[in-house]
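Student: Structure in structure tokens, see below.
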Amino acid sequence: MNIFRLAGDMTHLASVLVLLLKIHTIKSCAGISLKTQELYALVFATRYLDLFTDYISLYNTLMKLIFLVSSFSIVWYIRHHKIVRRSYDKDQDTFRHYFLVLPCFLLALVINEKFTVKEIMWTFSLYLEAVAILPQLVLLQRTRNIDNLTGQYVFLLGAYRSLYILNWIYRYFTEPHYVHWITWISGLVQTLLYADFFYYYFQSWKNNVKLELPA
Amino acid sequence: NDESDDHDEL
Numbered sequence: 018m019n020i021f022r023l024a025g026d027m028t029h030l031a032s033v034l035v036l037l038l039k040i041h042t043i044k045s046c047a048g049i050s051l052k053t054q055e056l057y058a059l060v061f062a063t064r065y066l067d068l069f070t071d072y073i074s075l076y077n078t079l080m081k082l083i084f085l086v087s088s089f090s091i092v093w094y095i096r097h098h099k100i101v102r103r104s105y106d107k108d109q110d111t112f113r114h115y116f117l118v119l120p121c122f123l124l125a126l127v128i129n130e131k132f133t134v135k136e137i138m139w140t141f142s143l144y145l146e147a148v149a150i151l152p153q154l155v156l157l158q159r160t161r162n163i164d165n166l167t168g169q170y171v172f173l174l175g176a177y178r179s180l181y182i183l184n185w186i187y188r189y190f191t192e193p194h195y196v197h198w199i200t201w202i203s204g205l206v207q208t209l210l211y212a213d214f215f216y217y218y219f220q221s222w223k224n225n226v227k228l229e230l231p232a
Numbered sequence: 003n004d005e006s007d008d009h010d011e012l
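As they're listed, the protein sequences go chains A and B. Residues in the first sequence are numbered from 18 upward in steps of one, following my numbering. Residues in the second sequence are numbered from 3 upward in steps of one, following my numbering.
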């Protein structure tokens, strides 16, 4: 464990808690893409299959449980909670995210480190996580006005991915055997997707204006 | 090396 990875995990945890806090306190999911949340729940479900079989550390198991419970409860809130579901804008959240699932699965079948069920599901979760933010970014472009919590949520997610890239660079230089091209490339693609959001986020923060993404 | 199959990152 290195500081970049710990900071990345904490930032990722913060992003999920910010979202849960927003939904739970103001009982609203305005501006949040249910599709992205469903993709994240699928990412965790397929990545943490080894939750009960491979024990790595208490930290690892605990964090996996937190991410699983929080991602599925966010989906539950938006779909079933009688008040929150009313604020879900399904007419705007129209990204056909199922079209992302199949290509990621096929790619995982072709490009993976080992052709085993667990490894293919893990690789699938990596590719899916790389594109899971797309419905949310599309929704932000559409709704234009981004409320603070949603902006912070996407910002924290981007920060978590950026910290993970620093973690991989650190591990590459400190652990001779640590080479995971698949992880690195899909992680890089994912981080690049946030790049333009970051640009507009900092612009609005610097000029102290409301965050707006160009149509 | 068996390090590759156990993914220790979240």
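Using N, Cα and C, we set each Cβ at its ideal position, and we do this for glycine too.
At least one CB of chain B closer than 9 Å to the CB of Ile182/A: is that the case?
Tutor: So, not an interface residue.
Student: Mind listing the chain B neighbours of Phe132/A? Cutoff is C-beta to C-beta under 7 Å, in chain order.
Tutor: The contacting residues do not exist; Phe132/A stays about 12 Å from chain B at best.
Student: Residues in its own chain within less than 7 Å of Val155/A by CB, not counting five upstream and five downstream?
Tutor: Same-chain partners within the cutoff: Phe112.
Student: If the criterion is Cβ atoms closer than 9 Å, does the pair Asp106/A and Thr160/A meet it?
Tutor: Yes. Within cutoff.
Student: Determine, using beta carbons only, whether Leu166/A and Leu38/A come nearer to each other than 9 Å.
Tutor: Contact flag set, yes.
Student: Closest to Ile83/A by CA distance: which of Tyr170/A, Ile95/A, His97/A and Leu68/A is it?
Tutor: Cα-wise, what sits closest to Ile83/A is Leu68/A.
Student: Is there contact here, the stretch 73-90 of chain A with the stretch 53-62 of chain A, by at least three beta-carbon pairs under 8 Å?
Tutor: With the cut-off at 8 Å, the stretch 73-90 of chain A and the stretch 53-62 of chain A touch.
Student: Helix, strand or coil: how does DSSP classify Asn165/A here?
Tutor: Asn165/A falls in the helix class under three-state DSSP.
Student: Could you give the distance in angstroms between the alpha-carbon of Met80/A and the alpha-carbon of His9/B?
Tutor: Their backbone Cα atoms lie some 14 Å apart in a straight line.
Student: Put Ala62/A into one of helix, strand or coil per three-state DSSP.
Tutor: Helix, per DSSP.
Student: On the criterion of 16 or more Cβ atoms from any shown chain inside 10 Å, does Ser142/A qualify as buried, or is it exposed?
Tutor: Ser142/A should be labelled buried.
Student: Classify Thr292/A as helix, strand or coil using the three-state DSSP reduction.
Tutor: Nothing can be reported for residue 292/A: it is not among the residues displayed for chain A, which extend from 18 to 232.
Student: Just how far apart, CA to CA, sit Ala24/A and Glu192/A?
Tutor: So the alpha carbons of these two residues sit roughly 19 Å apart.
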